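Respectively, the protein sequence lines represent chains A and B. Just so we're aligned, residue 6 is where the first sequence starts under this note's numbering, counting upward by one. Just so we're aligned, residue 13 is where the second sequence starts under this note's numbering, counting upward by one. Working notes for the structure below.
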Amino acid sequence: MLQNPFAWPRVSPRFAAVWRRNVLVWRKLLGASLLGNLAEPLIYLLGLGYGLGNLVGEVNGRPYITFLAAGSLCSATMNAASFESFYSAFSRMHVQRTWDAIMNAPVSLEDVVAGELVWSATKACISGLAILIVAAAMGLVMTPLAAWVVLVVPLVGLAFAAPGLVVTACARGYDFFTYYFTIVITPMLFLSGVFFPLEQLPEVLRWAAYVLPLWHAVALVRPLMLGEVPPQLMLHVAVLVGYTVVCFYAAVVLLRRRLLA
Amino acid sequence: MAVLEAIELEKSYGGTAVVRGVSMAIDRGECFGLLGPNGAGKTTTLRLCLGLTEPDGGRITLNGYRVPVQARAARAAVGVVPQLDNLDPDFTVEENLLVYGRYFGLPPRRVRPRLPELLSFAGLEGRARSPIQTLSGGMKRRLTLARALVNDPDVIILDEPTTGLDPQARHLIWERLRQLAGRGKTLILTTHFMDEAERLCNRIAVMDGGRLIAQGAPRALIEQHVEPQVVEAYGDGVRDWAREEGARLSGRLEMAGDTAFCYTANGDALSASLDRRPGLRYLRRPANLEDVFLKLTGRELRD
Numbered sequence: 006m007l008q009n010p011f012a013w014p015r016v017s018p019r020f021a022a023v024w025r026r027n028v029l030v031w032r033k034l035l036g037a038s039l040l041g042n043l044a045e046p047l048i049y050l051l052g053l054g055y056g057l058g059n060l061v062g063e064v065n066g067r068p069y070i071t072f073l074a075a076g077s078l079c080s081a082t083m084n085a086a087s088f089e090s091f092y093s094a095f096s097r098m099h100v101q102r103t104w105d106a107i108m109n110a111p112v113s114l115e116d117v118v119a120g121e122l123v124w125s126a127t128k129a130c131i132s133g134l135a136i137l138i139v140a141a142a143m144g145l146v147m148t149p150l151a152a153w154v155v156l157v158v159p160l161v162g163l164a165f166a167a168p169g170l171v172v173t174a175c176a177r178g179y180d181f182f183t184y185y186f187t188i189v190i191t192p193m194l195f196l197s198g199v200f201f202p203l204e205q206l207p208e209v210l211r212w213a214a215y216v217l218p219l220w221h222a223v224a225l226v227r228p229l230m231l232g233e234v235p236p237q238l239m240l241h242v243a244v245l246v247g248y249t250v251v252c253f254y255a256a257v258v259l260l261r262r263r264l265l266a
Numbered sequence: 013m014a015v016l017e018a019i020e021l022e023k024s025y026g027g028t029a030v031v032r033g034v035s036m037a038i039d040r041g042e043c044f045g046l047l048g049p050n051g052a053g054k055t056t057t058l059r060l061c062l063g064l065t066e067p068d069g070g071r072i073t074l075n076g077y078r079v080p081v082q083a084r085a086a087r088a089a090v091g092v093v094p095q096l097d098n099l100d101p102d103f104t105v106e107e108n109l110l111v112y113g114r115y116f117g118l119p120p121r122r123v124r125p126r127l128p129e130l131l132s133f134a135g136l137e138g139r140a141r142s143p144i145q146t147l148s149g150g151m152k153r154r155l156t157l158a159r160a161l162v163n164d165p166d167v168i169i170l171d172e173p174t175t176g177l178d179p180q181a182r183h184l185i186w187e188r189l190r191q192l193a194g195r196g197k198t199l200i201l202t203t204h205f206m207d208e209a210e211r212l213c214n215r216i217a218v219m220d221g222g223r224l225i226a227q228g229a230p231r232a233l234i235e236q237h238v239e240p241q242v243v244e245a246y247g248d249g250v251r252d253w254a255r256e257e258g259a260r261l262s263g264r265l266e267m268a269g270d271t272a273f274c275y276t277a278n279g280d281a282l283s284a285s286l287d288r289r290p291g292l293r294y295l296r297r298p299a300n301l302e303d304v305f306l307k308l309t310g311r312e313l314r315d
C-alpha cells in the first residue's frame with residue numbers, strides 16, 4: 006500500500022526526544038555556542054547603536070540605538086534560527102547520519118523534522134531574549150509592554166527555522182547555504198526596517214518587505230519595545246504563523262523525497 | 013508465527029529494478045541471512061522491511077504490523093544495526109545509549125540500570141565516559157550492537173555487521189550474535205561474507221540482481237547445488253593440466269583467472285594427479301556457500 010508523499014505530516018510526541026537530544030549536545034558545547042550566538046549581535050548593537058547613532062541622532066523622536074535594538078533582536082533571532090536549521094541540521098542529516106539512526110527507532114521523519122524545527126527556534130529564542138535583556142539593562146526598554154516580546158521571539162524563531170529546513174532539504178553541501186545567505190537573508194536585512202525605517206525605501210522595495218517575514222517580526226517587536234501595541238498585530242502574527250506552517254509542510258514533503266524515496 | 017513476512021516486494025530507483033519479486037518469511041528464534049554481492053539489493057530489502065522506504069509493490073508485515081503504514085509501532089520492538097556506524101560523535105559511550113533509549117519512549121532512569129549489562133555485552137566496561145572518537149572501528153560496531161539492544165528487542169536486524177572489521181573483531185561480534193540467538197532473539201542479517209552466513213545462520217536466502225535465487229539451510233543448499241569437495245589448483249601450467257587430466261578427474265571443472273576449481277565427490281584422484289606435478293600448488297577443501305553462489309550466478313570466467 007503506497008502512502009501519499011504529499012500527506013499532511015502527523016507528528017507524534019516522540020519529536021521531543023529529538024529536541025532533547027539537541028539540548029543535551031548544546032549543553033556540552035555551551036561556552037562556544039553562547040559566544041557565537043550572543044557576542045556578534047551585541048557587538049553590532051553597541052557598535053552601530055553608539056557609533057552610527059551619534060551621526061544619525063534621533064529616529065522618529067527616539068535615539069537611534071533605541072530604534073536599532075528591536076531590529077537587532079529580530080535579526081539575531083533570524084540568524085540563529087537560520088544557522089541552526091542550515092549547518093547544524095545538515096550536519097546531523099547528511100554528514101553524521103544522526104537522522105538515520107533516529108529513524109531506525111519508532112520515530113518518524115515528521116517527528117525528526119518537528120524536533121529540529123522546535124530546536125532551531127529554541128536556539129533563536131536564546132539569542133533574541135539575550136538581546137532583550139541587554140537592551141533592558143542598557144535602559145533602552147522602559148515599558149512593561151516589552152514583556153510580550155518574550156512570546157513573539159519563539160514565533161519569529163519558528164518562522165525562520167522552517168524555511169531554513171526547506172533549504173537544508175535541498176542542499177547538497179554546506180556551500181549551498183551561501184546562496185541563501187547572500188540572496189535572501191542579507192537583502193532582507195536591509196529591506197525590513199532593521200537598521201532604518203521602512204519609509205526610507207522607495208515604494209516598490211517596501212512591497213518586498215511586506216511579503217518577507219523579517220519586516221513582520223520587526224513590526225511586532227519594535228512597537229512593543231517602545232511601549233505601543235503594534236498596529237495590524239494579527240496580520241503580522243498571521244504572516245509568521247503562515248511561514249512556519251507552509252515551510253514545515255514543504256520541508257517534510259521534500260525530505261520524504263530525499264530520504265525515504 | 014512469522015516475525016517478518018515479505019510478499020512479492022518490488023522496488024525501483026530511477027527506472028532500474030533493485031528488488032524484484034522478493035518473498036520471504038522469518039520465524040521467531042531464527043537466524044536468517046540474506047546473502048549476496050554488493051548491489052544485490054540486500055540493504056534496500058531491509059529498508060523496505062523496516063518501513064524506511066516505500067515499496068513499489070508487495071506487502072510487508074513486521075511483528076504483526078503492516079509496514080510502512082504502521083512502521084513506527086513495528087520498530088518499537090526491533091533493534092537495528094546499520095551498515096555505517098551513526099553513533100553520536102558529540103556524546104560519550106553511555107550518553108549514546110541513554111539518548112537512544114528516549115527514542116523508544118524509555119527515559120534515562122529506565123535505561124541507566126541496564127547500562128552495566130549493555131556495556132559488558134559490548135565489551136566496553138570502563139569506557140562508559142569515553143568519547144566516541146577514542147573508540148576503534150570494532151568498538152564502535154560493538155557499541156552500535158549494544159545500542160540496538162537498548163529497547164530489549166525480540167528482533168534484531170543487522171546490515172553487514174562485520175564489514176570493515178579485522179578478524180578478532182569479527183569473531184567477537186559473531187560470538188555476541190550467537191549469544192543473542194541463544195537467548196531466543198530473532199536475528200535477520202545481510203552479508204556478502206559467505207563464511208559469516210554459514211557460521212551464523214540456520215537459514216539463508218541468496219540474492220542477486222534484486223532476486224532471491226535460492227533459500228534454505230546452508231548445509232542443505234550446499235548439498236543440493238554443488239559437489240561435496242573442491243580442489244583449487246594454481247601455478248605454472250595449470251591450464252594444461254586441467255585440459256589433460258583435471259577435467260577428466262572432476263565432476264565439474266571451471267577456470268577462474270589462473271585458478272582451476274575442480275568440483276568432485278572425492279578429491280583423492282585429483283590430489284594424486286596434482287602431487288605428481290611439482291609446479292602446481294593446490295588447496296583441497298569441502299564445498300561452501302561461495303561455491304553455491306558462483307554456481308547459481310555463473311560468474312566465473314570460463315576459458
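Cβ coordinates follow ideal geometry from the N, Cα and C atoms, glycine included. Predicted model only: the values in this text are computed from it and were never measured.
{"Item": "Where A:F20 falls: helix, strand or coil (DSSP)", "Value": "helix"}
{"Item": "7 Å Cβ cut-off: residues of chain A touching B:L64", "Value": "M108, L265"}
{"Item": "Local conformation of A:F182 per DSSP, three classes", "Value": "helix"}
{"Item": "Residues bridged to B:D39 [DSSP beta-bridge criterion]", "Value": "B:A14"}
{"Item": "Three-state class that DSSP yields for A:Q237 in the structure shown", "Value": "coil"}
{"Item": "Check whether B:I200 and B:I38 have beta carbons under 8 Å apart", "Value": "yes"}
{"Item": "Own chain partners of A:A174 with C-beta closer than 7 Å, once the 5 adjacent residues on each side are dropped", "Value": "A256, L259, L260, R263"}
{"Item": "At least 3 beta-carbon pairs within less than 8 Å: the region 205-218 of chain B vs the region 45-52 of chain B", "Value": "yes"}
{"Item": "Closest by C-alpha distance to A:A294, when choosing among A:A86, A:F88, A:L60, A:G54", "Value": "Here chain A covers residues 6 to 266 and nothing more, so residue 294 of chain A does not appear."}
{"Item": "Span separating the alpha-carbon of B:R40 from that of B:G113", "Value": "24 Å"}
{"Item": "contact_flag[the region 153-164 of chain A, the region 108-118 of chain A] where n(CB pairs < 8 Å) is 3 or more", "Value": "no"}
{"Item": "Where the beta strand (DSSP E) through B:T203 begins and ends", "Value": "198-203"}
{"Item": "Test: B:G27 CB closer than 8 Å to a CB of chain A", "Value": "no"}
{"Item": "Alpha carbon of B:V30 to alpha carbon of B:T203, nearest angstrom", "Value": "17 Å"}
{"Item": "Assigned exposure category for A:P149 - 16 Cβ within 10 Å defines buried", "Value": "exposed"}
{"Item": "Residue-level contact to chain B via CB, A:M6, 8 Å cutoff", "Value": "Residue placement at A:M6 is flagged as unreliable, the pLDDT there being 38, under the threshold of 50; a coordinate-derived value is accordingly withheld."}
{"Item": "At least three beta-carbon pairs within less than 8 Å, the region 121-133 of chain B to the region 93-103 of chain B", "Value": "no"}
{"Item": "DSSP beta-bridge partners of B:D171", "Value": "B:T202"}
{"Item": "Euclidean distance between Cα positions of A:W31 and B:L110", "Value": "16 Å"}
{"Item": "Burial state of A:F253 (16 or more Cβ within 10 Å)", "Value": "buried"}
{"Item": "Assumed close pair A:I190, A:L50 - CB separation to whole angstroms, cut-off 8 Å", "Value": "Wrong, their Cβ atoms sit about 18 Å apart, outside the cutoff."}
{"Item": "DSSP state of B:F273 mapped onto helix, strand, coil", "Value": "strand"}
{"Item": "Closer than 8 Å at the beta carbon, the chain A residues around B:Y112", "Value": "A106, A110"}
{"Item": "Amino acids of chain B, ordered along the chain, whose beta-carbon sits closer than 7 Å to that of A:A22", "Value": "R114, Y115"}
{"Item": "Closer than 8 Å to chain B by CB, A:L29", "Value": "yes"}
{"Item": "Within chain B, the residues that A:T103 reaches when beta carbons sit closer than 8 Å", "Value": "N98, D100"}
{"Item": "Minimum C-alpha distance to B:T348 - residue among B:R293, B:R289, B:V90, B:A245", "Value": "Within the shown structure, residues of chain B are numbered from 13 to 315, placing residue 348 of chain B beyond reach of any answer."}
{"Item": "CB-CB length for B:G150 against B:A181, believed under 8 Å", "Value": "3 Å"}
{"Item": "Beta carbon proximity, A:R32 to chain B, threshold 8 Å", "Value": "no"}
{"Item": "Listed by chain order, chain B residues near A:R26 by CB distance under 8 Å", "Value": "D100, V111, R114"}
{"Item": "Cβ-based neighbour list, A:F200, same chain, cut-off 8 Å, excluding 5 preceding and 5 following", "Value": "L53, L73, G76, L194"}
{"Item": "7 Å Cβ cut-off: residues of chain B touching A:S113", "Value": "R84"}
{"Item": "Pair within 8 Å by beta-carbon distance, B:L21 and B:G70", "Value": "yes"}
{"Item": "Beta-carbon gap between B:V238 and B:V304 smaller than 8 Å", "Value": "yes"}
{"Item": "Pairwise C-alpha distance: B:E42 and A:P18", "Value": "34 Å"}
{"Item": "Closer than 9 Å at the beta carbon, the chain A residues around B:A88", "Value": "A110, P111"}
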